[in-house]
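Enquirer: Okay, handing you the structure first.
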Amino acid sequence: MIKIAALYRWHEGARFDHDYYHGEHMRIAREALGPLGLVRLESDRVMYPGPPRPGQVVALTNAFFETVEQAQAAAQKTAPVLTADVPNYTNIKPES
0 MIKIAALYRW
10 HEGARFDHDY
20 YHGEHMRIAR
30 EALGPLGLVR
40 LESDRVMYPG
50 PPRPGQVVAL
60 TNAFFETVEQ
70 AQAAAQKTAP
80 VLTADVPNYT
90 NIKPES
């Protein structure tokens with residue numbers, strides 16, 4: 000099993016709409032990645048005692064594929080549509 004991870008680190012002035020991310024963005028991701036071999040898609044909201052501080056991860060997504068080739072092809076083919084949706088839920092640049 001191959002996992003592609005994307006994470007979002009908090010910074011001063013950051014915004015993150017968890018409802019949109021875990022609902023609409025995950026729907027878009029499943030629709031885009033599903034036909035390309037997606038086995039499982041997980042998204043997590045990371046919580047801390049108190050408000051997030053710069054550098055702390057506030058959200059994490061894992062996409063699972065059977066092979067490296069499937070994962071690489073899916074990442075390449077879906078990057079434009081998934082990246083285009085990012086401004087709808089955050090101003091944090093995703094890391095992978």
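At position 18 of the sequence shown (counting the first as 1) the number is 17 in numbering that gives the first Met the number 0, and the numbers step up by one without a gap. Even for Gly, the Cβ is constructed at its ideal location relative to N, Cα and C.
Taking only runs that begin and end inside the stretch 44-86, name each unbroken alpha helix (DSSP H) of 4 or more residues, in chain order.
Expert: If we require 4 residues or more, the alpha helix (DSSP H) runs fully inside the stretch 44-86 come out as 67-84.
Enquirer: Tell me the residue span of the beta strand (DSSP E) that contains Ile3.
Expert: From DSSP, the beta strand (DSSP E) with Ile3 extends over Ile1 to Arg8.
Enquirer: Less than 9 Å between the beta carbons of Lys2 and Leu35, yes or no?
Expert: No, these two residues do not count as a Cβ contact at 9 Å.
Enquirer: Tell me where the alpha helix (DSSP H) around Ala31 begins and ends.
Expert: Its alpha helix (DSSP H) spans residues Met25 to Leu32.
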